[in-house]
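Take a look at the structure below.
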Amino acid sequence: MSDGTSVGMKDAADEAVAAASARLVALSETLHAHPETAWEEHRAAAWVGDALHDAGFRVTPSYLGFETALLAEAGSGPTIIGVMAEYDALPGLGHACGHNLIAASAVGAGLALARLADDLGITVRVYGTPAEEGGGGKIDMMDAGAFGDLDLAMMVHPAPVDVAEARPFAVAHSHIAYDGVSAHAGAYPDQGVNANDAFVIAQVAIGMLRQQLPPDTRVHGIQTVGGAAPNAIPERTEGRWYTRATSLDELAVLEERVHRCFEAGALATGATLTITPESKPYAEFRTDARALAAYRANAERRGRVFADAGLAHRMNRASTDMGNVSQLVPAIHPYIGVDSLPYTNHQKEFAAACLGPAAERALLDAAVLMAWTAIDASAGARQEDQT
Numbered sequence: 222m223s224d225g226t227s228v229g230m231k232d233a234a235d236e237a238v239a240a241a242s243a244r245l246v247a248l249s250e251t252l253h254a255h256p257e258t259a260w261e262e263h264r265a266a267a268w269v270g271d272a273l274h275d276a277g278f279r280v281t282p283s284y285l286g287f288e289t290a291l292l293a294e295a296g297s298g299p300t301i302i303g304v305m306a307e308y309d310a311l312p313g314l315g316h317a318c319g320h321n322l323i324a325a326s327a328v329g330a331g332l333a334l335a336r337l338a339d340d341l342g343i344t345v346r347v348y349g350t351p352a353e354e355g356g357g358g359k360i361d362m363m364d365a366g367a368f369g370d371l372d373l374a375m376m377v378h379p380a381p382v383d384v385a386e387a388r389p390f391a392v393a394h395s396h397i398a399y400d401g402v403s404a405h406a407g408a409y410p411d412q413g414v415n416a417n418d419a420f421v422i423a424q425v426a427i428g429m430l431r432q433q434l435p436p437d438t439r440v441h442g443i444q445t446v447g448g449a450a451p452n453a454i455p456e457r458t459e460g461r462w463y464t465r466a467t468s469l470d471e472l473a474v475l476e477e478r479v480h481r482c483f484e485a486g487a488l489a490t491g492a493t494l495t496i497t498p499e500s501k502p503y504a505e506f507r508t509d510a511r512a513l514a515a516y517r518a519n520a521e522r523r524g525r526v527f528a529d530a531g532l533a534h535r536m537n538r539a540s541t542d543m544g545n546v547s548q549l550v551p552a553i554h555p556y557i558g559v560d561s562l563p564y565t566n567h568q569k570e571f572a573a574a575c576l577g578p579a580a581e582r583a584l585l586d587a588a589v590l591m592a593w594t595a596i597d598a599s600a601g602a603r604q605e606d607q608t
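Under our numbering, the first residue of the sequence shown carries the number 222, and numbering increases by one thereafter.
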């Protein structure tokens, strides 16, 4: 039990995570062994929900009508703390972004804070948020009414090294399709409209465009359908492309220029172009300075060491739909290291690094640090109420 002081509560949170450590590690390992991609995280959502239900949380599965989302609540205080559990994996790479650790650490933070909720005067919510890897799950949940009453939203993301402040790009995700006309490539090539040529022209145009783009932008993607037979002119090609910039405003300008490159492919070949957003754009991140300062101080007390600016500037630029949440409510999104270098996120070796002793330490530290930061935030809220 806590002695009622901030230090006593932090000790109690640490003890709660330590007591649950075996279950949290097992949850992480189970998620890692059974990766599910965006909007398909049925088992992951159930496993996370069961862990919280067993700890006494009030769990709402299929939250707001999203089959793989959930809400778990404990406490009833006026200060509302939201912890985000991501659990979707990458196609072909499994948990190469470490969402197994995000989910398990969110559960751990929730367990720790639930024990202290009455003393802290908080309601703690753990949200299961699907489809971060391109599906914009948090944005859809926001549009359905989630998150708006939070006093603080937080999550901790695995990375090669520790970085306190998130500075992710805004990003737009687009599905690209060209429709042409099939024909025999040897006998009747003049009767075809080559949808694959349209894609090639667009990619060349994008390659040329990159020379004139600002340094803090990214344009990249893959072609997912390129034709079926070498002797048949492809009648349909498809791809997925991401466009990134430092803000939503800059993203809108950049995206228009990229779309013109795809239009060039259609114009040159006569194919029909269809561009379909895969989600609403992800926003840049707006960090809550006071909560971040608390996290940083707590992490250093815990023995975490933050990376130098060079490494930090690379890792903290990864886009996230948590950016949209941060535009709505105070939020933080620190990164916690799993000692994976030279391997980094979205590599199969990083997936391997999200298991084992370093990953387990990161998981448990992240859970404790979110709980400690929430304790500091609730203390600040009480002080404001008293004044």
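C-beta: ideal position from N, C-alpha, C; glycine also.
Mark residue i as exposed unless 16 or more other C-beta atoms lie within 10 angstroms of its C-beta, in which case mark it buried.
{"i": "R431", "result": "exposed"}
{"i": "Y409", "result": "exposed"}
{"i": "P207", "result": "The structure shown has nothing for residue 207, since the chain only spans 222 to 608."}
{"i": "R336", "result": "buried"}
{"i": "S297", "result": "exposed"}
{"i": "I302", "result": "buried"}
{"i": "H320", "result": "buried"}
{"i": "S403", "result": "buried"}
{"i": "L513", "result": "buried"}
{"i": "M429", "result": "exposed"}
{"i": "V280", "result": "buried"}
{"i": "E476", "result": "buried"}
{"i": "A510", "result": "exposed"}
{"i": "G524", "result": "exposed"}
Taking the alpha carbon of residue i as the point to measure from, which residue in the options has its own alpha carbon closest?
{"i": "P282", "options": "F571, G296, D309, Y348", "result": "Y348"}
{"i": "D609", "options": "E250, T497, E294, A426", "result": "Residue numbering for the chain in the displayed model covers 222 to 608; residue 609 lies beyond these limits and cannot be assessed."}
{"i": "V474", "options": "G413, L549, D275, P502", "result": "P502"}
{"i": "A239", "options": "L590, A598, D597, I596", "result": "L590"}
{"i": "G356", "options": "I397, K231, A310, V526", "result": "A310"}
{"i": "H554", "options": "Y516, R582, A583", "result": "Y516"}
{"i": "T464", "options": "G448, C482, N417, G369", "result": "C482"}
{"i": "A365", "options": "T350, S561, L373", "result": "T350"}
{"i": "R388", "options": "I422, A233, A574, F506", "result": "F506"}
{"i": "V414", "options": "A254, L549, G491, P299", "result": "G491"}
At what residues does the beta strand (DSSP E) containing residue i begin and finish?
{"i": "A380", "result": "378 to 380"}
{"i": "T350", "result": "343 to 350"}
{"i": "L373", "result": "373 to 375"}
{"i": "T300", "result": "300 to 307"}
{"i": "G442", "result": "439 to 446"}
{"i": "H495", "result": "Here residue 495 turns out to be Thr, not His, going by the sequence shown. Its beta strand (DSSP E) spans residues 493 to 498."}
Any idea what DSSP makes of residue i, helix, strand or coil?
{"i": "A237", "result": "helix"}
{"i": "E294", "result": "strand"}
{"i": "I454", "result": "coil"}
{"i": "T541", "result": "coil"}
{"i": "Y284", "result": "helix"}
{"i": "D370", "result": "coil"}
{"i": "F390", "result": "coil"}
{"i": "F571", "result": "helix"}
{"i": "P402", "result": "Here residue 402 is Val; the residue named in the question, Pro, does not match the sequence. Three-state DSSP puts V402 in a strand."}
{"i": "G315", "result": "strand"}
{"i": "T464", "result": "strand"}
{"i": "Y503", "result": "strand"}
{"i": "S227", "result": "helix"}
{"i": "V550", "result": "coil"}
{"i": "S599", "result": "helix"}
{"i": "D418", "result": "helix"}
Can you give me the start and stop residues for the alpha helix (DSSP H) that residue i sits inside?
{"i": "I360", "result": "358 to 364"}
{"i": "G558", "result": "Note, G558: premise wrong, no alpha helix (DSSP H); beta strand (DSSP E) at 556 to 558."}
{"i": "L273", "result": "263 to 275"}
{"i": "T251", "result": "242 to 254"}
{"i": "Y516", "result": "510 to 523"}
Since residue i and residue j are thought to touch, with beta carbons under 8 Å apart, how far apart are those beta carbons, to the nearest angstrom?
{"i": "E456", "j": "G401", "result": "5 Å"}
{"i": "A588", "j": "S249", "result": "Their Cβ separation, rounded to whole angstroms, is 11 Å, which puts A588 and S249 out of contact at 8 Å."}
{"i": "A580", "j": "A572", "result": "With 8 Å as the limit, A580 and A572 do not qualify as a contact, their Cβ atoms being about 10 Å apart."}
{"i": "W260", "j": "A367", "result": "Their Cβ separation, rounded to whole angstroms, is 16 Å, which puts W260 and A367 out of contact at 8 Å."}
Would the C-beta of residue i count as close to the ligand HEM, meaning under 7 Å from any of its heavy atoms?
{"i": "S540", "result": "Within the structure as shown, the ligand HEM is missing, as the structure has no ligands at all."}
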